[in-house]
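For the sequence shown, this note's numbering gives the first residue as 802, with consecutive numbering after it. Even glycine gets a Cβ: it sits at the ideal position worked out from N, Cα and C. All of these numbers come straight from a predicted model, not from anything done at the bench.
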Amino acid sequence: MSSIAVVIPAKDEQGRVGPVVKRVRSETEGAPTVYVVDDGSHDETAAAAREAGARVLRHRVNLGKGAALLTGAEAAVKGGAQLLVLMDADGQHDPGDLSRILEPLLAGRADLVLGYRPFTGEMPPAMRLGNVILSGLFGALFGLPVRDTQCGYRALTAKMLEKLRWTALDYAVETEMLVHAARARLRIEEVPIATVYHDRYKGTTPVDGLRILANMLRWRLA
């Protein structure tokens, strides 16, 4: 099996990151290397992740999700990983979906795999509306229909990291990745994943959504 690394950005997640890391290591054959990037936490996130078996990288100050993902992805590729999985630290991405996320890469059908969530009552209404709008606009602007542009549960081959390399530091990272994927004509496959929300306030806010929209327009005109 190809060498697999799971990259998890985390900020102030000491209560959840440990169980997530343990489940990731138990759900995937061969116990993948898990990289947790502590993005300026004020709690014991780093210690909890390390105790659970993760390799921990730290940002002294909070730089944002995009920056943390890039730090982890670069470290994983440097460490020899051939396949990368990106997921969140708060338990909203179910490690039980890992095999489904990885299968198109292992089968050689895709360069990038995107998880998508059913927009049901499990997702807070404001987030559901925002995701529908942003996903629809993305398809119209870039000619790449994607069910759930804001879902951060995804996997890619290490070779594709350079093609997808992003500069966004915040939640716009997911959208910027898709812009690069569309322009590079990568092979993309979408797979359904569980919709999980432990905290109703987490994820992209309406302000984040407006920033992402502004970025989409800027990227379209670039």
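Here the stretch 878-894 makes contact with the stretch 806-825; the two share three or more CB pairs at distances below 8 Å.
With contacts defined as CB atoms closer than 8 Å, A806 and L885 qualify as a contacting pair. For the options L957, V857, V992 and L1022, the alpha carbon positioned closest to that of Y917 is the one of V992.
With respect to V914, R955 sits close: the two C-beta atoms are nearer than 8 Å. In chain order, P905, R988, I989 and E990 place their CB closer than 7 Å to the CB of A911, counting only its own chain and leaving out the 5 sequence neighbours on each side. Here the alpha carbons of V878 and A959 stand approximately 6 Å from one another. The Cβ atoms of T976 and T1006 lie no closer than 8 Å to each other.
Using a Cβ-Cβ distance cut-off of 8 Å, the stretch 858-868 and the stretch 834-849 are in contact, since at least three pairs of beta carbons, one from each stretch, lie closer than that value. If you draw a straight line from the Cα of G909 to the Cα of L957, it is about 11 Å long. Per DSSP, the continuous beta strand (DSSP E) segment holding H860 begins and ends at R856 to H860.
Inter-residue distance for I902 and A1015 is about 29 Å (C-alpha atoms, whole angstroms). In this structure, the beta-carbon distance from G881 to D971 does not fall below 8 Å.
Here L915 is bridged, per DSSP, to R955 and E991. Note on geometry: alpha-carbon atoms of A985 and T829 lie some 30 Å from one another. Counting along the chain, L899 sits inside the alpha helix (DSSP H) bounded by residues L899 to L907.
Straight-line spacing of the CA atoms in W967 and R1012 works out to 16 Å.
According to the DSSP assignment, T834 belongs to the beta strand (DSSP E) that extends over T834 to D840.
With contacts defined by Cβ atoms closer than 8 Å, A876 and A850 do not form a contacting pair.
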